[in-house]
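**Student:** Quick one: the structure is below, and I'll ask about it shortly.
In this note's numbering, the protein residues as written are 583 to 985.
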């Protein structure tokens, strides 16, 4: 019966079809398919040509992908000299989108061997958010966006390569992480069942608030079609995620906080070493999440276009100079990054079909900025680079949720 249910879920995924995503480099900039494919090949080779672990800190080093003799591989957080579930799941998503099964399998095997918590423990089903490069766990919990990308990448791999095993693994993760007895063990469900929103971390310290950049309604729509169970829950979770992305966007600047209350207000987590209630590291991904949902699902287009217009106008008026702000736009510091060039270009998709010429010109400017932006190099190439790469896939029409 279990196998039958899993196969039925997989077939449901495979029979759902959406039109191919638009290549905005072509439609807005006039780039040819050959030019775009060459650019994506260049970016792939930049980040995924296997690196030399003995010199990963060298200035100008490009790769974040490192292979082991045992047939596994990991994505290095080169800024912190470790491996994050975020990066591993991003690497798997990039690999499945570009039909790179060898790299996908090597990353997934490393994740299962080293990041997955042991069966029978309270954290079973989750993945340790931080490991050393030798696989030793150093983080004491998970990072909830990792599970989001792991599960979605596995569902897509099942379709792309006609391999039900990946879907079975995805469904096993979902079953485990949505059936936790948090009050007894201190480990909670990934999603709050009362409000259908994702937890920042499903433990006693982190399950009462969220992170706007973890809200990925397009992924949850996928789960509502592909998961072996709880389709209605995931459909409602997708709706809740869309709403959160609007609630968390500042009404004037469009800026997002790094962490948020479930009602969208910025949340300052006392355990963090910085003010998590302002626009900083995680928050750059929110524009990518909104733009992705806009073009893949189209369920909240008017609100999403308005939010992206506020956000992109704010950064343009700032002169593309800063990366960190109070939500009202004050107290700016830090430099505008390649990751922001990427994520904001995805957000600009929400303005590309606007009836307003000014909005379309704004979208064009952001897409052109991404095309002109070279991928990051050096010690801190990992996070900005992975957001940049995912954004290139979105804007070029190479990101699909149905194969």
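All C-beta atoms in this analysis are idealised placements derived from N, C-alpha and C, irrespective of residue type, glycine included.
Judging by CA-CA distance, which residue of 767, 766 and 789 is the nearest neighbour of residue 777?
**Tutor:** If we check each option's Cα against that of residue 777, 789 comes out closest.
**Student:** Where in the segment 858-938 do unbroken runs of the alpha helix (DSSP H), each at least 4 residues long, occur, reported from the N-terminal end onward?
**Tutor:** The qualifying runs are 868-878, 883-899 and 920-930.
**Student:** Is residue 647 helix, strand or coil by DSSP?
**Tutor:** Here residue 647 sits in strand by DSSP.
**Student:** Considering only residues of the same chain and omitting the five flanking positions on each side of residue 681, which have a CB-CB separation below 8 Å?
**Tutor:** Excluding sequence neighbours, residue 681 sits near 742.
**Student:** For residue 846, which residues in the same chain have their Cβ closer than 7 Å to its Cβ, ignoring the five residues on either side in sequence?
**Tutor:** Only 826, 829 and 830 meet the Cβ criterion.
**Student:** On the DSSP bridge assignment, give the partners of residue 961 in chain order.
**Tutor:** BP columns for residue 961 are empty, so no partner.
**Student:** I need the DSSP call for residue 783, collapsed to helix, strand or coil.
**Tutor:** Coil at residue 783, not helix or strand.
**Student:** Using the DSSP secondary-structure output, state which residues sit across from residue 848 in a beta bridge.
**Tutor:** 842.
**Student:** Is the segment 881-900 in contact with the segment 850-867, if contact means three or more CB pairs nearer than 8 Å?
**Tutor:** Verdict: no, contact absent.
**Student:** With distance defined between alpha-carbon atoms, name the residue in 943, 793 and 643 nearest to residue 858.
**Tutor:** Minimum Cα distance to residue 858 is reached at 793.
**Student:** Examine the Cβ distances between the segment 704-723 and the segment 655-671 and report whether three or more of them are shorter than 8 Å.
**Tutor:** Yes, since at least three Cβ pairs between the segment 704-723 and the segment 655-671 fall closer than 8 Å, the two stretches touch.
**Student:** If we count Cβ pairs, one from each stretch, closer than 8 Å, do we get three or more for the segment 832-846 versus the segment 799-810?
**Tutor:** Contact between the segment 832-846 and the segment 799-810 is absent, because fewer than three Cβ pairs lie under 8 Å.
**Student:** Quick check: is any heavy atom of the ligand ATP less than 6 Å from the C-beta of residue 974?
**Tutor:** The model depicted lacks the ligand ATP and carries no ligand whatsoever.
**Student:** DSSP state of residue 664, grouped into three classes?
**Tutor:** Note: residue 664 maps to strand in three-state DSSP.
**Student:** In angstroms with no decimal places, state the Cα-to-Cα distance between residue 902 and residue 677.
**Tutor:** In a straight line, the C-alpha of residue 902 is about 30 Å away from that of residue 677.
**Student:** Tell me which same chain residues have a C-beta within less than 6 Å of the C-beta of residue 915, skipping the five on either side of it?
**Tutor:** Same-chain partners within the cutoff: 906.
**Student:** In the DSSP output, what is residue 719 paired with across the bridge?
**Tutor:** In the DSSP output, where bridge partners are listed per residue, residue 719 has 713.
**Student:** Whole angstroms is fine: what's the gap from residue 607's alpha carbon to residue 874's?
**Tutor:** Roughly 16 Å between the two C-alpha positions.
**Student:** Between residue 665 and residue 658, which are expected to be in contact by the criterion C-beta below 8 Å, what is the C-beta distance as a whole number of angstroms?
**Tutor:** At roughly 6 Å, the Cβ-Cβ gap stays under 8 Å, so residue 665 and residue 658 are in contact.
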